[in-house]
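**Student:** Below is the structure I would like to discuss, written out as structure tokens.
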């Protein structure tokens, strides 16, 4: 399963399956405006209960608390059915908000997709 | 609408309370910070704090996206408290008023979505002050000391000042 988005203005750029893992590639700034699109996508993914969801944030240069809230909500949904979420390529600006909010410990973070898929 | 004030170190930006304009405010503020000499790391934090402040206005003061105005004023203060240079950001809205003393961050030990905006603002900024305005609406004044040579101060404890429910003129 692969769903790609050619619109560079959309946060959700690509969704694909790697075995039991779903990989979600995001891009751009995730704020109150864009988090609506992200939340819809994450809820749709969570309905399929993937064992692991890898979210690639390497193209995300900014995220605020509304974006973070969507990730936390998805994490909570995944934990309910025994799944998990891994973050990949987290840029310093995004890492900072995770640290300020003390949420950096609940999201496993990896340098790249290969590391996340191998873990 | 963006204009440069009589003070060359000040800009004023008015946006609709629409999340689509958050990126515009961030970009303008970011440029002002660059000019002010704020370090890149501090500029990242202050940009985030401004975004959170505007998001709170849209969500809570106005109860959702609308065409009502939010005014953002960014000023450079050369001799802040007679010692340092600082960047002052004022966010003015014309929505619902709340007692400044009730504006608090939530318990971070509770892992749940939402409610992090106030915590982020208080963590990032050196001074945070909410005020009810006599003409209606609220004003948030945030100050960040400019320390270009020491950029690793984003996690220092902020000095938090509430508005003491005082009523003051907007202009």
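Protein chains in written order, with this note's numbering: chain G, 991 to 1109; chain Y, 9 to 179.
Positions of the beta carbon are idealized from the N, C-alpha and C atoms, including for glycine.
Given the structure is predicted, the values throughout are model-derived calculations rather than measurements.
Looking at C-alpha atoms only, which residue of Y/111, Y/133, Y/76 and Y/94 is the closest neighbour of residue 1090 of chain G?
**Tutor:** Y/133
**Student:** Counting Cβ pairs, one atom from each stretch, are 3 or more of them under 8 angstroms apart for the stretch 141-148 of chain Y and the stretch 16-24 of chain Y?
**Tutor:** no
**Student:** For residue 1017 of chain G, which residues in chain Y fall below 8 angstroms Cβ to Cβ?
**Tutor:** None at all; the shortest Cβ gap to chain Y is about 14 angstroms.
**Student:** Is the beta carbon of residue 1103 of chain G less than 9 angstroms from the beta carbon of residue 1080 of chain G?
**Tutor:** no
**Student:** Hey, out of G/1046, G/1049, G/1037 and G/1001, whose CA is closest to residue 1069 of chain G's CA?
**Tutor:** G/1037
**Student:** If we define contact as Cβ-Cβ less than 9 angstroms, is residue 71 of chain Y a contact residue for chain G?
**Tutor:** no
**Student:** Can you find a C-beta in chain G that's less than 9 angstroms from the C-beta of residue 53 of chain Y?
**Tutor:** yes
**Student:** Against residue 1056 of chain G, what residues of chain Y qualify as contacts under a CB-to-CB distance less than 7 angstroms, listed in chain order?
**Tutor:** In chain order: 63.
**Student:** Any beta-carbon of chain G closer than 9 angstroms to the one on residue 158 of chain Y?
**Tutor:** For residue 158 of chain Y, the pLDDT reaches just 48, beneath the cut-off of 50, and the residue's location in the model is therefore unreliable, although a value from the coordinates is still provided. Output row for residue 158 of chain Y: interface = no.
**Student:** Any beta-carbon of chain G closer than 9 angstroms to the one on residue 30 of chain Y?
**Tutor:** Interface annotation, residue 30 of chain Y: in contact with chain G, CB-CB separation under 9 angstroms.
**Student:** Would you give the residue range spanned by the beta strand (DSSP E) that residue 1012 of chain G belongs to?
**Tutor:** 1011-1020
**Student:** Spatial neighbours of residue 151 of chain Y within its chain, please: CB distance less than 6 angstroms, with the 5 preceding and 5 following residues excluded, ordered by chain position.
**Tutor:** 94, 96, 134 and 135
**Student:** Under the DSSP definition of a beta bridge, which residues are partnered with residue 153 of chain Y?
**Tutor:** Y/94
**Student:** Output needed in chain order: residues of the stretch 127-149 of chain Y with a Cβ under 8 angstroms from some Cβ in chain G.
**Tutor:** 127, 128, 131 and 132
**Student:** List in chain order: all unbroken alpha helix (DSSP H) runs of 4+ residues lying wholly within the stretch 34-82 of chain Y.
**Tutor:** Listed in chain order, they are 48-64.
**Student:** Applying the criterion that 16 or more other CB atoms from any shown protein chain within 10 Å of the CB defines a buried residue, is residue 6 of chain Y buried or exposed?
**Tutor:** Outside the shown range of chain Y, which is 9 to 179, sits residue 6 of chain Y, and nothing can be said about it.
**Student:** Have a look at residue 1047 of chain G and residue 143 of chain Y and give me their C-alpha separation to the nearest angstrom.
**Tutor:** 43 angstroms
**Student:** Suppose contacts are defined by Cβ-Cβ distances below 9 angstroms. Is residue 1045 of chain G in contact with residue 1087 of chain G by that definition?
**Tutor:** Not closer than 9 angstroms, so no.
**Student:** For residue 158 of chain Y and residue 47 of chain Y, I'd like the C-alpha separation in whole angstroms.
**Tutor:** Unreliable placement is indicated for residue 158 of chain Y, whose pLDDT of 48 sits below 50; no coordinate value is reported for it.
**Student:** Assign residue 1108 of chain G to one of two classes, buried (16 or more other C-beta atoms within 10 Å of its C-beta) or exposed (fewer than that).
**Tutor:** exposed
**Student:** Taking the C-alpha atoms as reference points, what is the distance between residue 73 of chain Y and residue 1023 of chain G?
**Tutor:** 10 angstroms
**Student:** Quick one: does residue 24 of chain Y have its CB under 9 angstroms from some CB of chain G?
**Tutor:** The beta carbon of residue 24 of chain Y does not come within 9 angstroms of any beta carbon belonging to chain G, so the residue lies off that interface.
**Student:** Taking the CB atoms as reference points, tell me whether residue 1059 of chain G and residue 58 of chain Y lie closer together than 9 angstroms.
**Tutor:** no
**Student:** From the DSSP output, which residues share a beta bridge with residue 138 of chain Y?
**Tutor:** Y/148
**Student:** Pick from Y/112, Y/101, Y/68 and Y/90: whose alpha carbon is nearest that of residue 126 of chain Y?
**Tutor:** Nearest of Y/112, Y/101, Y/68 and Y/90 to residue 126 of chain Y, Cα basis: Y/112.
**Student:** When burial is assigned at 16 or more other CB atoms within 10 Å of the CB, is residue 101 of chain Y buried or exposed?
**Tutor:** It is buried - the Cβ of residue 101 of chain Y has at least 16 other Cβ atoms within 10 Å.
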